[in-house]
Amino acid sequence: MSEDEDLVKAVLARAPGAFERLVARHQKLVWHLVYRMVQHPEDARDLSQDVFLRVHERLHQYRFESALSTWIGRVAFSVASRHLQKKKLPMVEAPADDGDRSSPWEQVSDGFDLEAACADSELMQILASAIEKLPPLQRTLVTLYHLEELGIGEIATITGLPEGTIKNYLFRARSRLRQQLEIRMGVAA
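Shown next as structure tokens:
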């Protein structure tokens, strides 16, 4: 946490290059969060700039209770969520009533190894396409969990969602991805 403290103190003291270092360190996380939610490069660029503007304006409010990346991720999630609300775009799909009330929604690990599924470039392209078709919240959670490798607790802090809800959405997203991959790869279910 001392690296975060040093950087925040430097930014607040207006040290030359400090804010640029903060942006460089966290721009990938902000871009992933924002772009996965809004899926429009121009909007994502504008919103990412808005995120860092808000971070700069409110950095004095950061209390070191979590990692700086988690705090910035929370700002990014809020900015992107508000954008979707203004555009009246749903964050999640209405759950399908599949009649199976005994499904293990609380399990994050469902036996599907996303990393192994990305082993070759053709499959990676198919997977990227399938991820893009997920609802914004599921896309974002898959990105944070599998690509950014954040833990469920940190994702809960960023999104403000309960851990069980995150696990539920991840389970549903992976089930959907698995189905799409099986169809595209010609694998019998």
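So the number in my numbering is just where the residue sits in the sequence shown, counting from 1, plus 209. Note that CB positions come from ideal geometry on N, CA and C, so glycine has one too. Since the structure is predicted, the reported quantities are computational estimates derived from the model, not experimental observations.
Alpha-carbon to alpha-carbon, GLU212 and ILE281:
15 Å
Can you look up GLY282 in the DSSP assignment and give me helix, strand or coil?
helix
Alpha carbon to alpha carbon, how far is GLN389 from LYS295?
30 Å
Drop a sphere of 10 angstroms on the beta-carbon of SER257, count the other beta-carbons inside from all chains shown, and report buried for 16 or more, exposed for fewer.
buried
Is it right to say GLU251 is buried, meaning 16 or more other beta carbons lie within 10 angstroms of its own, or is it exposed?
exposed
So, are the CB atoms of ILE392 and PHE286 less than 9 Å apart?
no
Terminal residues of the continuous alpha helix (DSSP H) containing GLN236?
227 to 247
So, is ALA337 buried or exposed, given that buried needs 16 or more other C-beta atoms within 10 angstroms?
exposed
Nearest to TRP240 by alpha carbon, out of LEU356, ARG223 and ILE361?
LEU356
Does DSSP put TYR271 in a helix, a strand or coil?
coil
Can you tell me whether PRO267 is buried or exposed, with buried defined as 16 or more other CB within 10 angstroms of its CB?
Note that residue 267 corresponds to Arg in the displayed sequence, not to Pro. With fewer than 16 Cβ atoms within 10 Å of its Cβ, ARG267 is classed as exposed.
Do you know how far the Cα of ALA382 is from the Cα of LEU343?
7 Å
Shortest alpha-carbon distance to THR349 belongs to which of GLN334, MET333 and LEU379?
LEU379
Take LEU262 as the anchor and find which of GLU274, VAL288 and ARG387 has the nearest alpha-carbon.
VAL288
Take the Cβ of ALA197 as the centre, count every other Cβ of all protein chains shown within 10 Å, and call the residue buried at 16 or more, exposed below.
The chain is shown from 210 up to 398; residue 197 falls before or after that span and cannot be answered.
Is DSSP giving GLY395 helix, strand or coil here?
coil
Reduced DSSP secondary structure (H/G/I, E/B, other) of GLY373:
helix
Do MET246 and PRO345 have their C-beta atoms closer together than 9 Å?
yes
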